[in-house]
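Step one of this worksheet: look at the structure below.
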Amino acid sequence: MKMLNISKAYSKVRLVARGKPLYKNPLHIHTLAKLEILTRAASHLAFLSVQLLALSEARGGNIYQGEVRFAPGSAPALLRVITPLAKAVTAKLSLAVISESAEALGGVGYLENEEPLNIARLLRDAQVLTIWEGTTNVLVTDLVATLTRTTPNPEDQSISVFNEWVRENLTNYTRGGSGHADGVLEQCKVSIWGEWEKMKKKLENGSREELTGAGRKILWQMSWVVIGVLLLVDARLDPEPSAVEVARRWVFEGFLHDRANTSKDRAADAEIVFPNEMRRTKL
419 MKMLNISKAY SKVRLVARGK PLYKNPLHIH TLAKLEILTR AASHLAFLSV
469 QLLALSEARG GNIYQGEVRF APGSAPALLR VITPLAKAVT AKLSLAVISE
519 SAEALGGVGY LENEEPLNIA RLLRDAQVLT IWEGTTNVLV TDLVATLTRT
569 TPNPEDQSIS VFNEWVRENL TNYTRGGSGH ADGVLEQCKV SIWGEWEKMK
619 KKLENGSREE LTGAGRKILW QMSWVVIGVL LLVDARLDPE PSAVEVARRW
669 VFEGFLHDRA NTSKDRAADA EIVFPNEMRR TKL
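Pasting the structure below:
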């Protein structure tokens, strides 16, 4: 987040062709918007882990659950699934965002002269996330083992508990916004649920060896579902149009998809990257 904020601030003061600030370049602002979405995704995933840990340790105590729904007693099983997933995915996303943010600064992004803005150190130190905190393959293997572990009661199995969490939060609809926003979020909901159902069948029918071999793909598919659910819940509560746009882009563009950048997209890019500034210019 620090790296992205430095890059965003730099884009407002760095002048390029014809004296325009860098953020006015449509490709640059589109890149920053992508990084903003990845940062929000990682933040939501990290705080879901924190929330599940709090619920697991509360043991029935009075604790505020927030807007994300959890079935009674499901937190420990969900935490067991989310922990390796969140550690692996937030580490990978952090590396991607930090590296791209440094690149967005050009040569400045590799200098170490000013300690408060020691970007090169951040770029270097971030590598430890995927190396020391459990390599990606170790975390993926643990995730697959958790998902395939059987229990005496089928309803207590990790896949069943996770399935109920996805279903509950996709159907927990509270937004009272515009018809367009509601329509977009409904499309997101249908897409997330459809992808999860296909993935659930593969997890239930595949052997542990097969699933472990495809573990990295499972990691990213499952994280796409989890983060999609969290961004959808956030968009239903947030009155800002950018929240809906972030959810839409995550679901329909995500990791694998890209398309031509239209003028409407460019306006949305600016809203995502600099929401406060864009709001003031409209007043």
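The numbering of the sequence shown is the working numbering, which starts it at 419 and goes up by one.
For each residue, glycine too, the CB sits at the ideal point set by N, CA and C.
Since this is a predicted model, take the numbers as computed values, not measurements.
Taking C-alpha atoms, which residue in Arg626, Ile424, Ala506 lies nearest to alanine 538?
Out of Arg626, Ile424, Ala506, Ile424 has the C-alpha closest to the C-alpha of alanine 538.
Under a Cβ-count criterion, where at least 16 other Cβ atoms within 10 Å of its own Cβ denotes burial, should glutamine 469 be classed as buried or exposed?
Residue burial annotation: glutamine 469 is buried, with at least 16 other C-beta atoms found within 10 angstroms of its C-beta.
Return helix, strand or coil for leucine 674, following the three-state DSSP convention.
Bear in mind that a pLDDT of 45 at leucine 674, under 50, signals an unreliable position, so the number given afterwards is only what the model happens to contain. In the three-state scheme derived from DSSP, where H, G and I count as helix and E and B as strand, leucine 674 is classed as coil.
Does the Cβ of arginine 626 have 16 or more other Cβ atoms within 10 Å, making it buried, or fewer, making it exposed?
Exposed, since its Cβ has fewer than 16 Cβ neighbours within 10 Å.
What does DSSP give as the partner residues of leucine 433 in its beta bridges?
Within the DSSP bridge table, the entry for leucine 433 names Pro439 as partners.
To the nearest angstrom, how far is the alpha carbon of leucine 456 from that of serine 512?
Going from the Cα of leucine 456 to the Cα of serine 512 covers about 8 Å.
Here's the rule: buried if 16 or more other CB atoms are within 10 angstroms of the residue's CB, otherwise exposed. What is glutamate 485?
Glutamate 485 comes out exposed.
At which residues does the alpha helix (DSSP H) containing phenylalanine 465 begin and terminate?
From DSSP, the alpha helix (DSSP H) with phenylalanine 465 extends over 444 to 476.
Can you tell me whether arginine 436 is buried or exposed, with buried defined as 16 or more other CB within 10 angstroms of its CB?
Answer is exposed; the Cβ neighbour count stays below 16.
May I ask you to report which of helix, strand or coil DSSP gives proline 494?
Proline 494 falls in the helix class under three-state DSSP.
Buried versus exposed, by CB contacts within 10 Å (16 or more), glutamine 575:
Note on glutamine 575: 16 or more other CB atoms within 10 angstroms of its CB, so buried under the neighbour-count rule.
Pick helix, strand or coil for alanine 486, following the three-state DSSP scheme.
The amino acid occupying residue 486 in the given sequence is valine; alanine does not appear at that position. Three-state result, valine 486: coil.
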